[in-house]
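One structure is given here, and the rest of the page talks about it.
Residue numbers (the numbering used here), protein chains in the order written: chain H, 1 to 168; chain U, 1001 to 1398.
In structure tokens:
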């Protein structure tokens, strides 16, 4: 006794062939905390790097922020300049749009590359000078900064790992 | 503003005890004598309503007699917020309208501002916008089709996860260009924020080359699937007259057999340079809406095949002042997003912020035709029909 696929089940059987093919394909998922992919070179996140030597205290970043998260307090310096007394970013209210980084006329404010920035208190999300300042260890992102972008490692692309070429 | 930690704690302690509040709720007396209808509230929190959407369905037996869509649970007052932000500062907010089509939302808004202020866009930027928009269309249609099939329960989760895999490749491309995976904020008034990275075009070409074989795979998986055909053919029919009268747009309108695509009807950006077809359906049922989306992905790939080799060298952004002051007047900019016609109506009083902004969201207009489509069908079909419209509540409630 043969099973009739003419009226019912032919399409389903065809679909099952595709599903079976997928069983034999290489795995493309990653086990996150152990296995980490390279993020975009132009990463935008809730981490900032501030270059205090380049910053003139003009507060263009604060004006461009649509949430009003950036606080810049300055005082008059000796050589007709501003001395930056306070520089704070409230990343708890930040939407990571990147307008402040783009607006900076002296390229003193950059995005950072770290992304696991959860805290237990909202108050810890206000980044002061100590957390923002550019040090040899800090990693600025290449967003709107082509000079940093070329130095960063290449982003892991799923197209490389799951492309048609590799499967054949 | 610095938050004092001691203060925040004291505030928490001072919260008064919850008092019972009489809320303004419409009470429906379902047990009224002589009334044999049954009223069911689906949502606002229900896994198949794609967000906080509520359907008040009146049944007569098992068939739907009346359906009222109720929304507004996700209202954030985005139109009002625009009045307190500059023209540039509003671009990140448009990402939060329909978060599966962020790039298209950016584009629609900057088109409106450029029309208002009379700003020219460099040719390379226009090409980049077209490429980004078509990639976005493929990504959004993948999600629309995937979740629609998920609502049907036809192959439970499988097609959705296959489509997630292809979308992930697109998200990688978007992340490479603008640093984010969901809220791109890439378009700027007078161009785009940054030029494409060097390796982008190679990957985009690879994607365009590989994608047709994956679409074939979906076809093999689904096109003859008996469960899919039984659940979608002839279900949720939207007649052409009704589609036009309810001013539906996008795949919902085209599935009803009306050939209306803003890319052809009112070409913006560079769409008059590319050769592509506008797929239309026959009767406007769920199956047609599904077919139109699959075909549109193929057409988007055709546009990409033409646009990527043509990409010229040059500037990607016109210099625009940080505090743009467009002349007094008004402008309406619209584009064809994956879901339909998205329009931004802007009124300027000559200041740095819009005097008034109004958004014409495609899915809000499309969802008004929903009750026409579901009356007389079963509840399970109503859910499938709702999924076939491809709604995004962030855009409906805005």
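Positions of the beta carbon are idealized from the N, C-alpha and C atoms, including for glycine.
Just to make sure I have the definition right: I need the residues of chain H whose C-beta is within less than 7 Å of the C-beta of residue i. Which are they?
i              : result
residue 1221/U : 15 and 18
residue 1217/U : 18
residue 1158/U : 19
residue 1207/U : 159
So which residues of chain H does residue i contact, with C-beta pairs closer than 9 Å?
i              : result
residue 1225/U : 11, 12, 14 and 15
residue 1176/U : 40, 41, 42, 155 and 157
residue 1203/U : 157, 159 and 160
residue 1172/U : 40, 155, 156, 157, 158 and 159
List the residues of chain H whose Cβ lies closer than 8 Å to the Cβ of residue i, in chain order.
i              : result
residue 1169/U : 157, 158, 159 and 162
residue 1165/U : 28, 158 and 162
residue 1151/U : Within chain H, no residue comes near residue 1151/U; the closest Cβ sits about 18 Å away, beyond 8 Å.
residue 1193/U : 98, 102 and 144
Can you pull the chain U neighbours of residue i, defined as C-beta to C-beta under 9 Å?
i             : result
residue 115/H : Neighbours of residue 115/H on chain U: none; closest Cβ ~11 Å, over 9 Å.
residue 96/H  : 1092, 1179, 1180, 1183 and 1185
Compute the Euclidean distance between the alpha carbons of residue i and residue j, then round it to the nearest angstrom.
i              : j              : result
residue 1101/U : residue 1174/U : 12 Å
residue 158/H  : residue 1057/U : 43 Å
residue 1342/U : residue 1335/U : 6 Å
residue 1089/U : residue 1246/U : 33 Å
residue 1120/U : residue 1240/U : 38 Å
residue 93/H   : residue 18/H   : 46 Å
residue 133/H  : residue 52/H   : 7 Å
residue 1136/U : residue 1037/U : 44 Å
residue 86/H   : residue 109/H  : 14 Å
residue 1357/U : residue 1330/U : 10 Å
residue 77/H   : residue 147/H  : 31 Å
residue 1067/U : residue 1142/U : 28 Å
residue 167/H  : residue 25/H   : The pLDDT assigned to residue 167/H is 44, lower than 50, so where the model puts this residue is not dependable; a value taken from the coordinates is nonetheless given after this. Cα to Cα, residue 167/H sits roughly 7 Å from residue 25/H.
residue 1080/U : residue 1398/U : 10 Å
residue 88/H   : residue 126/H  : 7 Å
residue 1046/U : residue 1052/U : 8 Å
residue 1242/U : residue 1234/U : 16 Å
residue 1140/U : residue 1238/U : 22 Å
residue 1082/U : residue 1134/U : 27 Å
residue 12/H   : residue 1283/U : 25 Å
residue 64/H   : residue 99/H   : 6 Å
residue 137/H  : residue 1176/U : 24 Å
Since residue i meets chain C, which of its residues come closer than 8 Å, beta carbon to beta carbon?
i              : result
residue 1088/U : Among the chains of the structure shown, chain C does not appear; the protein chains present are H and U.
What is the C-beta distance between residue i and residue j, in whole angstroms, given that I count them as a contact (C-beta under 8 Å)?
i              : j              : result
residue 1366/U : residue 1252/U : 5 Å
residue 1393/U : residue 1074/U : 5 Å
residue 84/H   : residue 57/H   : 4 Å
residue 95/H   : residue 1092/U : 6 Å
residue 47/H   : residue 112/H  : 3 Å
residue 1382/U : residue 1374/U : 4 Å
By the three-class DSSP mapping on this structure, what secondary structure does residue i have?
i              : result
residue 1122/U : coil
residue 1394/U : helix
residue 1344/U : strand
residue 157/H  : coil
residue 1034/U : Low local confidence applies: a pLDDT of 48 at residue 1034/U is under 50, so the model's placement there is unreliable, with the coordinate-based value given in what follows. Residue 1034/U: coil per DSSP, three-state reduction.
residue 17/H   : helix
residue 1332/U : strand
residue 1068/U : strand
residue 1282/U : coil
residue 995/U  : Only positions 1001 to 1398 of chain U appear in the structure, and residue 995/U is not among them; the question remains open.
residue 102/H  : helix
residue 162/H  : coil
residue 1236/U : coil
residue 45/H   : coil
residue 114/H  : coil
residue 1191/U : strand
residue 1357/U : strand
residue 1148/U : helix
Can you pull the chain U neighbours of residue i, defined as C-beta to C-beta under 8 Å?
i             : result
residue 148/H : Within 8 Å Cβ-Cβ: nothing; residue 148/H doesn't reach chain U, min ~12 Å.
residue 120/H : Those within 8 Å of residue 120/H in chain U number zero; the least Cβ separation is about 11 Å.
residue 103/H : 1322
Quick one: which chain U residues come within Cβ less than 7 Å of residue i?
i            : result
residue 75/H : Within 7 Å Cβ-Cβ: nothing; residue 75/H doesn't reach chain U, min ~18 Å.
Would the C-beta of residue i count as close to the ligand ATP, meaning under 8 Å from any of its heavy atoms?
i              : result
residue 1230/U : This structure lacks the ligand ATP, and indeed carries no ligand of any kind.
(message) Output needed in chain order: residues of the region 24-52 of chain H with a Cβ under 9 Å from some Cβ in chain U.
(response) Listed by position along the chain: 28, 39, 40, 41, 42, 43, 44 and 45.
(request) Give the residues from the region 130-145 of chain H that approach chain U closer than 9 Å (Cβ to any Cβ), ordered along the chain. (result) 141, 142, 143 and 144
(request) Residues of the region 1059-1087 of chain U with a CB closer than 7 Å to any CB of chain H: list them in chain order, please. (result) The residues in question are 1085.
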